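One structure below.
In the numbering used here, the protein residues as written are 35 to 308.
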């Protein structure tokens, strides 16, 4: 029987904090991951799965291999150290960091970082000198320990989040023959290969050969209801929520600890359009 998704509408920072205080202790090992989305209607799919014309699992995996090889070949002039001696997992995390499509879906351990991404990526128009948002935005909340235990239950798995060194992750490794790749996504720790991923407390879900979105897998494969929750921020509250968030110090330069982040923060502070 399909699982019904838990969904809650939140309109203030206080409501969000209260939600976290109740939700976190109830999770497996008191661990929750968060992913902000500028549109509440977007599915939880990795960038590799969003190709305009390729929509078959085996072809998607072949595309990933081609992207890994091309990235290793062409990135040499732009990196201090060659990727030749790095394994394909490390290359995949590099690719994700630089925006190359992969089977990885970014999450964060910090709920306020996810709130920043949801609110700042929400699309809007300037009408009569005011921002008018076209859609609600959201935060997805994942219990990664419960998810992994359900996804790997055929192994009687009862541990937590996986590292890429764990043998159970081998069947998700790039270049694994398609027939040997597992179906369902799992939650993993990645390589912290930049100051940004450290600041953003970045973690990942890696997808297998099934092209279903994470939320679709959750519903159709009868995952425990507590595995996944959707927090919706109404479009009329986005502006006030963003003001509250920056007021407690979650600003662009905190999320992006470099000159780009500082530049965004200055423009936002002085009311320029971003």
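Ideal Cβ placement from N, Cα and C applies to all residues, glycine included.
None of the values given here were measured: they were computed from a predicted structure.
In the structure shown, the three-state DSSP call for residue 175 is strand. Boundaries of the beta strand (DSSP E) around residue 221: 220–222.
Cβ contact annotation for residue 192 (same chain, cutoff 8 Å, sequence separation greater than five): 183, in chain order.
According to the DSSP assignment, residue 128 belongs to the alpha helix (DSSP H) that extends over 122–131.
By the CB criterion at 8 Å, residue 36 and residue 207 fall outside the cutoff.
A Cβ-Cβ distance of about 5 Å is found for the pair residue 219 and residue 239, placing them in contact under the 8 Å criterion. For residue 247 against residue 79, the beta-carbon gap comes to about 4 Å, under 8 Å, which counts as contact.
The closest CA to that of residue 289, considering only 203, 225, 143, is found on 143. For the pair residue 190 and residue 131, the Cα-to-Cα distance works out to about 33 Å. A straight-line Cα-Cα distance of about 31 Å links residue 294 and residue 99. Shown here for residue 181: same chain residues with a beta carbon closer than 6 Å to its own, the five before and five after excluded, namely 221, 261 in chain order. Three or more Cβ pairs closer than 8 Å define a contact, and the stretch 133–153 meets that threshold against the stretch 65–81.
In the structure shown, residue 254 adopts helical secondary structure according to DSSP, grouped into three states. Shown here, residue 154 sits in a helix according to DSSP, grouped into three states. Short of 7 Å from the beta carbon of residue 172, and not among the five residues preceding or following it, lie these beta carbons of its own chain, in chain order: 71, 74, 152, 264, 265, 266, 267. Secondary structure note for residue 103: its alpha helix (DSSP H) is the uninterrupted segment 91–108. DSSP lists 173 as the beta-bridge partner residues of residue 70.
With distances taken between CA atoms, residue 38 lies nearest to 257 out of 257, 101, 282, 212. Counting the other Cβ atoms within 10 Å of the Cβ of residue 154 gives 16 or more, which makes it buried. Between residue 242 and residue 127, the C-beta gap is not smaller than 8 Å, which leaves the two residues out of contact. For residue 42, the closest of 292, 82, 174 by C-alpha to C-alpha distance is 174.
Counting the other Cβ atoms within 10 Å of the Cβ of residue 303 gives fewer than 16, which makes it exposed.
In the DSSP annotation of this structure, the continuous segment of the beta strand (DSSP E) that includes residue 40 starts and ends at 40–43.
Look at residue 191 here: in three-state DSSP terms it is coil, with no helix or strand label.
Of the residues 195, 107, 187, the one whose Cα lies closest to the Cα of residue 179 is 195. A direct Cα-Cα distance of roughly 29 Å separates residue 49 from residue 161.
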